[in-house]
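Novice: Residue numbers (this note's numbering): 18 to 531. Just passing along the structure, written as structure tokens.
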Amino acid sequence: MTTIIYTRVSTDEQAEKGFSLRHQKQLLTTYCELNKLTIAKHYEDDYSAKNFDRPEWKNLMEYVAKNRKTVDKILFTKWDRFSRNAEQALAVIRKLTAMGIEVNSIEQPLDLTNPDNKVMLSMYLILPEVENDKISQRTKDGMRRATKEGCFLAKAPYGYSNGKVLGKTSVIPNNDSAIVLAAYTEVAKGVEAVEVIRKRFKTERGLTLQKQQFYNMLRNKLYCGWIEVPEFKKEAASKLKGIHEPLVSQELFDKVQDVLDGRKNIGAKLPSTVNENFPLKGSLICPVCEKQITASKSKGNGGHYEYYHCTAKCKVRYKKEVLHENVAQMLTKISLNKNVADLYKEVLSDLISQSEDDTARRRKELVGEKESLEKLVIDAEDRLMKNELKAELFDRITTRYEASIREIEASIGQLERNDLNLGKYVEDSVKLLCDMGGLFNQLKDSKKGGLLRTIFPENLVVEKEGLRTNSTNTVLELLSREYRGLEKAKMKKATKNSGFSNVAPPLGLEPRTL
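Structure, rendered in structure tokens:
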């Protein structure tokens, strides 16, 4: 009779129980020789038997499907070598039996044609499954206990390596930790888009993270010292301070979250130096090559002339005085009218007042929570002095309380940093929104570019239809009918060398005349 022999061992069984693939094969080979069975194939796996998703078992089943008429038996030493999943094992046995192939163990042989032996088969199959479940549960419980003690058991994220801290499993900073800190610092500035920073770090500093991985890194609380404890049974998810060294401060982490959540706008990158003669330099994008437009003076016809122009071969250029005049007209056009401004001022004042009340109430709540936790720490110290509390338990309790206190202190600090006393700025700010064109003209040239970057979150892109920006100023978009592009005006098509080319406000707003 033709037989396939199958041997299996998992890594932990090999280490803990001394199972040997070689020993199993020797037993099966000897058994086949004594019983005059011909071994057609030998397959061996080093995978867990919790299911049949094992490479060599799949190969075995493929061979059987192609040679079902020539295979009579599949043998293994014990039933737990075959499977530790009773339900799946019975299904596989039924499938092979239907193909006319006997499945059996040489150390726990059963005549499966006898219905009474199905009870013993179930026992052989279910006991290993129960053992597997117990091992799995013990492993999960142990991992959860370790996590609650501040350990980190998963694969170390970028900037860390797996290692030991205070003799416990955790993560330790590696050579990439400096890149993580630098990336957080750059994102927190809110100057460049996150993807721009990632690409720059990839080129300049050897960052290996893809786009989603980079965002995940910026969201990972592990970098500021926290360990996430997932929900389990009736226990809610929570977080606690880990035993590992944080790579970034809580304050820096919070600033990055503000940027990612849109609470801090990402504006156009400011030029390193402000050119007082050409304040819009660095705020315009060429319509042809999409590079930043520069500026310079040129000599001709007995005088000097000032232009904004592209440095590439596209030869796009704009006269400085015409461009500045049209920018002022554009800003005047999107300024608020008095009725809208008065309503906006009233609503804004109410919102600021409400926000200040909410902040004061939240701060009071946090201070109360902090005082309660501090009392619990003092109580634990008293119980320790009276020998009512073991030192180990005291350390665990106070570590948890102190971590919560630090978190509350960080929240209070964030509230205080956000308390900017905005009420005093409302009146003057609304006045400026009513006459942005006049403000632009009144400002020194060195300040004009800053005003433009404040109003338009990104650099202005020059197109045939006019200027646009890839993102809008949410406040003006809501308050200004003109900003929303309610009335589109046609622009004179500009040539590459005309005095003023393709200039208009963002996303659908263009000045009526040039």
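C-beta: ideal position from N, C-alpha, C; glycine also.
DSSP three-state call for Ser266: helix, strand or coil?
Specialist: Residue state, collapsed to three classes: coil.
Novice: Which residues bound the alpha helix (DSSP H) around Glu79?
Specialist: Taken as a continuous stretch (DSSP letters only), the alpha helix (DSSP H) holding Glu79 covers 72 to 83.
Novice: Which same chain residues end up closer than 7 Å to Ala173 when comparing Cβ atoms and leaving out the 5 residues on each side of it in sequence?
Specialist: Hits under 7 Å: Asn179, Val188.
Novice: Quick check on DSSP: helix, strand or coil for Tyr64?
Specialist: In this structure, Tyr64 counts as coil in the three-state DSSP scheme.
Novice: Can you check DSSP and say which residues form a bridge with His326?
Specialist: Partner(s): Thr311, Arg334.
Novice: May I ask which residues mark the beginning and end of the beta strand (DSSP E) holding Asn179?
Specialist: Taken as a continuous stretch (DSSP letters only), the beta strand (DSSP E) holding Asn179 covers 177 to 182.
Novice: Looking at the secondary structure, which residues open and close the alpha helix (DSSP H) in which Phe99 lies?
Specialist: That run of the alpha helix (DSSP H) goes 96 to 99.
Novice: Could you spell out where the beta strand (DSSP E) holding Asn592 opens and where it closes?
Specialist: Since the displayed the chain opens at 18 and closes at 531, residue 592 lies outside it and no answer follows.
Novice: Just checking my contact of Tyr60 with Asn84 at CB under 8 Å: how many whole Å lie between their CB atoms?
Specialist: Not quite, the Cβ-Cβ distance comes to about 13 Å (not below 8 Å), so this is no contact.
Novice: Check the C-beta distance from Ala397 over to Leu406 and give it rounded, since I have them as a contact under 8 Å.
Specialist: Yes, they are in contact, since the Cβ atoms of Ala397 and Leu406 sit about 6 Å apart, within 8 Å.
Novice: If you run the structure through DSSP and keep just helix, strand and coil, what is Thr55?
Specialist: Thr55 falls in the strand class under three-state DSSP.
Novice: Let me know the secondary structure DSSP gives Asn149 once reduced to three states.
Specialist: Note: Asn149 maps to helix in three-state DSSP.
Novice: Please state whether DSSP places Leu460 in a helix, a strand or coil.
Specialist: Looking at Leu460 - three-state DSSP - the assignment turns out to be coil, as it is neither helix nor strand.
Novice: For Tyr141, collect the residues of the same chain with a Cβ closer than 7 Å to its Cβ; drop the 5 residues on either side in sequence, then sort them by chain order.
Specialist: Only Trp96, Gln125 meet the Cβ criterion.
Novice: So within the stretch 368 to 434, which uninterrupted beta strand (DSSP E) runs reach at least 3 residues, ignoring any that extend past its ends?
Specialist: Whole beta strand (DSSP E) segments, 3+ residues: zero.
Novice: Which residues does DSSP list as the beta-bridge partners of Lys90?
Specialist: Lys90 pairs with Thr20, Glu119.
Novice: With three or more beta-carbon pairs closer than 8 Å as the criterion, would you say the stretch 350 to 363 touches the stretch 424 to 435?
Specialist: The answer is no - the stretch 424 to 435 does not touch the stretch 350 to 363, with fewer than three Cβ pairs under 8 Å.
Novice: Please determine, among Val364, Ser65, Gln154, the residue with the shortest C-alpha to C-alpha distance to Ser100.
Specialist: For the residues Val364, Ser65, Gln154, the minimum Cα distance to Ser100 belongs to Ser65.
Novice: Throw me the rounded Cβ distance for the Lys387 and Ile422 pair, which I believe falls under 8 Å.
Specialist: With 8 Å as the limit, Lys387 and Ile422 qualify as a contact, their Cβ atoms being about 6 Å apart.
Novice: Which same chain residues, not among the five before or five after Lys314, have their C-beta less than 6 Å away from its C-beta?
Specialist: Cβ within range, chain order: His321, Glu323.
Novice: Does the separation of the CB atoms of Glu119 and Lys90 fall below 8 Å?
Specialist: Yes. Within cutoff.
Novice: Whole angstroms are fine: how far does the CA of Lys151 sit from the CA of Leu44?
Specialist: Going from the Cα of Leu44 to the Cα of Lys151 covers about 29 Å.
Novice: Quick check on the burial criterion: 16 or more other C-beta atoms within 10 angstroms. Buried or exposed for Thr130?
Specialist: Label assigned to Thr130: exposed.
Novice: So, Val265 versus Tyr201, is the Cβ gap smaller than 8 Å?
Specialist: A contact, by the Cβ cut-off of 8 Å.
Novice: Put Glu342 into one of helix, strand or coil per three-state DSSP.
Specialist: Reduced to three states, the DSSP call for Glu342 is helix.
Novice: Return the chain-ordered ranges of every alpha helix (DSSP H) run that is complete within the stretch 233 to 258 and spans a minimum of 4 residues.
Specialist: Qualifying alpha helix (DSSP H) stretches: none in this window.
Novice: For the stretch 457 to 474 against the stretch 355 to 364, are there 3 or more C-beta pairs whose distance is under 8 Å?
Specialist: Verdict: no, contact absent.
Novice: Report yes if the C-beta distance between Val273 and Phe457 is below 8 Å; otherwise report no.
Specialist: No, the pair does not count as a contact, with Cβ atoms beyond the cut-off.
Novice: In angstroms with no decimal places, state the Cα-to-Cα distance between Glu504 and Leu348.
Specialist: Low local confidence applies: a pLDDT of 34 at Glu504 is under 50, so the model's placement there is unreliable, with the coordinate-based value given in what follows. If I take the Cα positions, the gap works out to 15 Å.
Novice: Can you tell which of Gln267, Thr328, Ala312, Thr94 has the C-alpha that lies nearest to the C-alpha of Lys336?
Specialist: The candidate whose alpha carbon is nearest that of Lys336 is Ala312.
Novice: Quick check on Ile302: does DSSP put it in helix, strand or coil?
Specialist: Here Ile302 sits in strand by DSSP.
Novice: Asp452 to Gly167, Cα distance in whole Å?
Specialist: Approximately 56 Å between the Cα atoms of the pair.
Novice: Would you mind reading off the limits of the alpha helix (DSSP H) that contains Ile214?
Specialist: Where Ile214 is concerned, the enclosing alpha helix (DSSP H) stretches over 211 to 221.
Novice: If I'm right that Ile56 touches Ile22 with Cβ under 8 Å, what's the distance once you round it to whole angstroms?
Specialist: The Cβ separation is near 6 Å, so the contact holds.
Novice: Quick check on the burial criterion: 16 or more other C-beta atoms within 10 angstroms. Buried or exposed for Arg222?
Specialist: Exposed, because fewer than 16 other Cβ atoms sit within 10 Å of the Cβ of Arg222.
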